[in-house]
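Number 138 in the working numbering belongs to position 132 of the sequence shown; there are no gaps in the numbering.
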Amino acid sequence: MNLSDSKKKLAIAGVICGLVAACLAFFGNPANMAFCIACFVRDMAGSLGMHQAEVVQYARPEIIGLVLGAFIISVATKEYRSTAGSSPMIRFVLGMIIMIGSLIFLGCPLRMIIRMSAGDLNAWVALIGFVLGVSTGAFALKKGFSLGRSHETNKTSGAVLPVIMVGILILATCTSLLKASEAGPGSIHAPLILSLVGGLIFGAVAQKSRMCFAGSIRDIVLMKNFDLFTVIGSLFVVMLIFNVATGRFVLGFNTPGIIAHSQHLWNILGMYAVGFAAVLAGGCPLRQLILAGQGSSDAAVTVLGLFFGAALCHNFGLASSGTSLNPETKELVAGAVTTNGKVACIICIIVCFVIAFTNKRETAKTK
């Protein structure tokens with residue numbers, strides 16, 4: 007069944023994904039997070055020992071489920087294609103940039119929408135940067151940007167990342183080798199089976215609907231096409247209803263407990279970098295995981311860049327801190343962007359511009 011050939015089906019896909027996110031939030035995932043690709047990849051990187059931030063270490067079953075869900079449904083519907091060879095190192099760098107920008111904002115595009123649905127005004131501010139970043143990437147596409155063509159490879163090549171995810175799942179459930187937080191966001195999660203099943207459903211639906219947060223805005227900018235935006239809008243509505251119904255909707259900026267900060271310029275610039283890099287890479291973090299699941303080694307390299315970027319953020323102090331309550335004084339402590347993070351964000355944006363305007367299709371170069 008193709009969920010991308012009509013707006014009605016796309017809306018249904020968004021509702022299903024919204025219900026999955028709502029269930030995960032209700033049964034234990036961190037407040038206003040529910041389902042965040044960047045945060046969950048960061049937690050997985052921590053569980054593998056790639057960084058030592060003890061409060062964000064957990065092998066998130068949702069990420070494993072996303073990849074496996076996309077893999078299973080693509081094989082079942084004969085959409086699995088093992089491809090590779092399209093500027094892998096540049097894609098690795100773009101994955102790093104997406105993660106760095108996300109952890110400066112404190113969330114990927116999916117979490118931005120979820121935070122928006124819970125009344126977090128910081129996320130609405132960040133949306134400005136994301137739209138501008140996607141628009142800049144779309145401008146680069148119009149000017150001939152391309153990372154080159156990918157080529158079909160041995161079928162087993164495209165299955166490497168799904169197999170790795172199965173391996174991580176086995177390690178997480180059958181051994182004590184992986185690290186797990188005892189406090190902080192990494193210790194807050196829904197039951198393992200629910201998280202895995204939720205990831206599988208979300209991954210399968212995202213694969214069939216071509217769900218992509220950057221792609222939805224890119225299509226509006228380039229073609230005035232709102233089809234993909236229908237998925238995002240439906241997910242937002244479901245999460246908005248859930249947050250209002252459960253008393254989780256709190257309109258404001260400095261709201262403790264939601265892992266956010268109110269440094270508006272850096273919320274904008276962080277998501278600008280994410281939007282820009284996502285268009286250049288061919289999809290948002292969610293889309294990269296889905297593409298990797300359906301056989302794209304290029305997307306898998308971008309996913310590896312996400313993991314490496316997460317390690318960099320926590321090993322070198324690039325990640326922002328969220329607004330919180332001091333446990334002793336009960337005073338509100340405002341979240342902040344680190345100096346290292348600010349420098350890294352500017353470098354990431356500059357690198358995006360270099361990549362965008364030095365990689366062009368052959369036809370564009372000859373004009």
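Beta carbons are placed, not taken as given, at the ideal position from N, Cα and C, and that holds for glycine.
When Cβ pairs closer than 8 Å are counted between the two stretches, the segment 65–73 is seen to touch the segment 160–179, the count reaching three or more. Under the three-state reduction of DSSP, residue 189 is assigned to coil, being neither helix nor strand. In this structure, the alpha-carbon of residue 346 lies about 28 Å from that of residue 146.
Between the segment 112–128 and the segment 177–192 there are fewer than three inter-stretch CB-CB distances shorter than 8 Å, so the stretches are not counted as touching. With contacts defined by Cβ atoms closer than 8 Å, residue 101 and residue 315 form a contacting pair. For residue 202, the three-state secondary structure derived from DSSP is helix.
Secondary structure remark: continuous alpha helix (DSSP H) runs of at least 4 residues inside the segment 262–340, in chain order: 270–287, 291–299 and 303–321. If you look at residue 92, you'll find it isn't in any alpha helix (DSSP H); DSSP assigns it neither H nor E. For residue 76 and residue 335, the gap between their C-alpha atoms comes out near 47 Å. Residue burial annotation: residue 111 is buried, with at least 16 other C-beta atoms found within 10 angstroms of its C-beta.
Taking the Cα positions, residue 310 is about 25 Å away from residue 266. CA-to-CA, the gap between residue 206 and residue 341 works out to about 33 Å. A Cβ-Cβ distance of about 7 Å is found for the pair residue 239 and residue 20, placing them in contact under the 8 Å criterion. Counted as a single uninterrupted DSSP element, the alpha helix (DSSP H) harbouring residue 67 occupies residues 67–82. Residue pairing from DSSP places residue 366 in a beta bridge opposite 151. Rounded to whole angstroms, the Cβ separation of residue 319 and residue 74 is 26 Å, and the two are not in contact under 8 Å. Within the model, the alpha-carbon separation for residue 132 versus residue 32 is close to 25 Å.
With 16 or more neighbouring CB atoms inside 10 Å of its own CB, residue 308 falls in the buried class. Under the three-state reduction of DSSP output, residue 165 falls in the coil class, being neither helix nor strand. Distance from the Cα of residue 312 is smallest, within the candidate group 287, 15 and 219, for 287. Taking a contact as a CB-CB distance under 8 Å, the pair residue 299 and residue 88 does not count as one, their CB atoms being some 12 Å apart. Bridge partners of residue 158 according to DSSP: 89. Counted as a single uninterrupted DSSP element, the alpha helix (DSSP H) harbouring residue 225 occupies residues 219–229. Residues of the same chain with a CB within less than 8 Å of the CB of residue 323, apart from the 5 flanking positions on each side, are 344, 346 and 347 in chain order.
The three-state secondary structure of residue 55, taken from DSSP, is coil. The beta carbons of residue 214 and residue 79 sit closer together than 8 Å.
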